[in-house]
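Q: Numbering (the numbering used here), first residue to last: 20 to 222. Beta carbons: idealized from backbone N, C-alpha and C, even for Gly. All of these numbers come straight from a predicted model, not from anything done at the bench. Have a look at this one.
This is the structure in structure tokens:
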């Protein structure tokens with residue numbers, strides 16, 4: 020099979036992870052804007068991990084069933100929904116919900132991409148595919164924080180804290196840009212038959 024999916028996967032992984040690392044910083048700034056104390060800051064940070072704790076296995080099964088590219092696309096949509104919730108005037112409770120939704124979106128993207136790579140490697144080694152994914156994600160995690168904080172700082176007044184909502188908007192642009200090449204990934208995914216669970220042979 021053609022390896023033309025690799026550039027599309029690299030771009031998607033790098034851009035979404037840029038947005039993911041950037042929004043975690045902006046969520047912290049937003050919590051401070053809302054007057055959060057140290058305990059609330061910790062709860063907000065932890066809320067992004069809750070979806071992974073309870074949703075990783077179901078998401079993996081869904082990804083096996085419908086294809087990793089589709090689940091990644093769903094993840095981008097959920098991520099952007101969470102960014103929209105972040106802008107609502109709902110105080111700290113709303114911030115906790117928004118952070119959890121964003122974390123769920125990132126979970127969908129990550130597991131979808133991992134499933135996509137695993138399905139490409141059936142009958143062979145997956146080392147190269149996972150190296151491609153990990154390297155691209157690491158590049159995104161490296162570039163995301165300076166890009167997002169620069170945008171947030173430019174939107175703040177002199178001596179003021181970074182504009183968290185403007186930084187969140189920058190994260191949204193990065194994540195939506197990850198849609199580039201998603202059609203290619205879905206076409207490749209559709210060319211691979213869905214995985215079927217193996218049943219033990221009857222004696």
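Please report how far the alpha carbon of residue 23 lies from the alpha carbon of residue 133, in whole angstroms.
A: Stepping through the chain shown from its first residue, residue 23 is reached at position 4. Stepping through the chain shown from its first residue, residue 133 is reached at position 114. In a straight line, the C-alpha of residue 23 is about 17 Å away from that of residue 133.
Q: Using C-beta distances below 7 Å, list every residue in its chain close to residue 36, excluding the 5 sequence neighbours before and after it, in chain order.
A: Translated into positions along the chain shown, residue 36 becomes position 17. If we look at residue 36 and ignore the five residues flanking it on each side, its Cβ neighbours are 156, 159, 160 and 163.
Q: Rounded to the nearest angstrom, what separates residue 73 and residue 129 at their Cα positions?
A: Here the question's residue 73 lines up with position 54 in the chain shown. Here the question's residue 129 lines up with position 110 in the chain shown. So the two alpha carbons sit approximately 15 Å from each other.
Q: Taking residue 82 as part of the alpha helix (DSSP H), name the residues at either end of that continuous run.
A: For the purposes of this step, residue 82 is taken as the residue at position 63 of the chain shown. 69-85 is the extent of the alpha helix (DSSP H) around residue 82.
Q: Please return the same chain residues whose Cβ sits closer than 6 Å to the Cβ of residue 86, not counting the five positions on each side in sequence.
A: The count along the chain shown starts at 1 and reaches residue 86 at position 67. For residue 86, where only same-chain residues beyond five positions count, the Cβ hits under 6 Å are 208.
Q: Are residue 102 and residue 186 closer than 7 Å when you measure CB to CB?
A: The residue you call residue 102 lines up with position 83 of the chain shown. The residue you call residue 186 lines up with position 167 of the chain shown. Going by C-beta atoms, residue 102 is not nearer than 7 Å to residue 186.
Q: Could you check if residue 210 is buried or exposed, using at least 16 other CB atoms within 10 Å of its CB as the buried criterion?
A: Working through the chain shown from its first residue, we reach residue 210 at position 191. By the neighbour-count rule (16 or more Cβ atoms within 10 Å), residue 210 is not buried but exposed.
Q: Using three-state DSSP, classify residue 217 as helix, strand or coil.
A: Position 198 of the chain shown, counting from 1, holds the residue named residue 217. Unreliable placement is indicated for residue 217, whose pLDDT of 43 sits below 50; no coordinate value is reported for it.
Q: Which parts of the segment 38-69 are runs of the alpha helix (DSSP H), unbroken and 4 residues or longer, counting only runs that do not cross its ends?
A: Listed in chain order, they are 57-66.
Q: Would you call residue 152 buried or exposed, if buried means 16 or more other Cβ atoms sit within 10 Å of its Cβ?
A: Locating residue 152 in the chain shown gives position 133, where the first residue counts as 1. By the 10 Å Cβ count, residue 152 comes out buried.
Q: Among residues of its own chain, excluding the 5 on either side of residue 40, which ones have a beta-carbon nearer than 6 Å to its beta-carbon?
A: Your numbering for residue 40 matches position 21 in the chain shown. So the qualifying residues of the chain are 160, 163 and 164.
Q: Please work out which residues of its chain come closer than 7 Å, Cβ to Cβ, to residue 172, disregarding the five sequence neighbours upstream and downstream, and give them in chain order.
A: For this step, residue 172 is matched to residue 153 along the chain shown. 181.
Q: Could you give the C-beta distance for residue 63 and residue 115, rounded to a whole number, given that I count them as a contact under 8 Å?
A: Within the chain shown, numbered from 1, the residue matching residue 63 stands at position 44. Within the chain shown, numbered from 1, the residue matching residue 115 stands at position 96. Their Cβ separation, rounded to whole angstroms, is 6 Å, which keeps residue 63 and residue 115 in contact under 8 Å.
Q: Of the choices 33, 61 and 34, whose alpha-carbon is the least far from that of residue 46?
A: Walking along the chain shown from the start, residue 46 turns up at place 27. Nearest of 33, 61 and 34 to residue 46, Cα basis: 61.
Q: Could you give the DSSP three-state label for residue 198: helix, strand or coil?
A: As a first step, residue 198 is located in the chain shown; it is residue number 179 there, counting from the start. In this structure, residue 198 counts as coil in the three-state DSSP scheme.
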